[in-house]
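See structure below.
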Amino acid sequence: MTSTKAAVKFAAAIESLYMGSQPDAAIDEALALPSGAALMWRVLNGCPPNEAGRRGGRRQSVNLPGLFRLHAQGLTDGAIARSLGVSRNSVYLWRNKLGLPPNG
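Below, the structure is given as structure tokens:
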């Protein structure tokens, strides 16, 4: 199976579990995906978290699609933070949560 076919297969499986109201962590576990994979899929597709996946606490402060775009362009955490108007620590924490390697 080519990597493109595998990616489509995983995306379809993630979507199926998401539509079944599964939270991100349960989707990652069910498909043996790295932690944060379902979150990344959900954010890239503009989907809100399922009720079971909601947590109390502060609102998300980082524009995740912007973080993905700027990270893919090779920007450092500091440059991403300046561009998004958030702290470098926020970018660092979200980047690590999503399993993205540091640039530079």
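Numbering (the working numbering), first residue to last: 928 to 1031. Think of the CB as a built atom: it goes at the ideal place given N, C-alpha and C, for glycine as much as any other residue.
Q. Skipping 5 residues on each side, what residues in its chain have a beta carbon closer than 6 Å to that of Leu958?
A. In the sequence shown, residue 958 corresponds to position 31, counting from 1. Closer than 6 Å at Cβ, skipping near neighbours: Ala940.
Q. Would you say Leu958 touches the ligand NAD, meaning its beta carbon is less than 7 Å from a heavy atom?
A. Of ligands this structure carries none, so the ligand NAD is not represented either.
Q: Return helix, strand or coil for Ala959, following the three-state DSSP convention.
A: One-based indexing of the sequence shown puts residue 959 at position 32. DSSP places Ala959 in coil when its eight states are reduced to three.
Q: Could you spell out the range, first to last residue, of the alpha helix (DSSP H) harbouring Asn1016?
A: For the purposes of this step, residue 1016 is identified with residue 89 of the sequence shown, where counting begins at 1. From DSSP, the alpha helix (DSSP H) with Asn1016 extends over 1015-1024.
Q | Per-residue burial, Gln949 [other beta carbons within 10 Å of its own, 16 or more giving buried] | A | On the sequence shown, position 22 is the one that residue 949 refers to. Looking at its Cβ environment, which holds 16 or more other Cβ atoms inside 10 Å, Gln949 is buried.
**Q.** Inter-stretch contact at 8 Å, needing at least 3 Cβ pairs: the region 968-976 / the region 997-1004
**A.** Of all C-beta pairs linking the region 968-976 to the region 997-1004, fewer than three are shorter than 8 Å, placing the two stretches out of contact.
Q | Close Cβ partners of Gly983 (< 7 Å) along its chain, the five nearest in sequence each way excluded | A | By 1-based counting over the sequence shown, the position of residue 983 is 56. Legend: pLDDT at Gly983 = 49, less than 50; position of this residue unreliable, no value from coordinates given.
**Q.** Integer Cβ distance of Asp1004 from Pro1029, believed to fall under 8 Å
**A.** Residue numbering aside, residue 1004 sits at position 77 when the sequence shown is read from its first letter. Residue numbering aside, residue 1029 sits at position 102 when the sequence shown is read from its first letter. Beta-carbon to beta-carbon, Asp1004 and Pro1029 are separated by about 7 Å, close enough to satisfy the 8 Å threshold.
Q.
Using 8 Å for Cβ pairs, my map puts Asp951 next to Pro975. What's the rounded Cβ distance?
A. Walking along the sequence shown from the start, residue 951 turns up at place 24. Walking along the sequence shown from the start, residue 975 turns up at place 48. That pair is no contact at about 11 Å.
Q) Cβ of Gly993 within 8 Å of Cβ of Leu1020? A) The residue you call residue 993 lines up with position 66 of the sequence shown. The residue you call residue 1020 lines up with position 93 of the sequence shown. No, they are not a contact pair.
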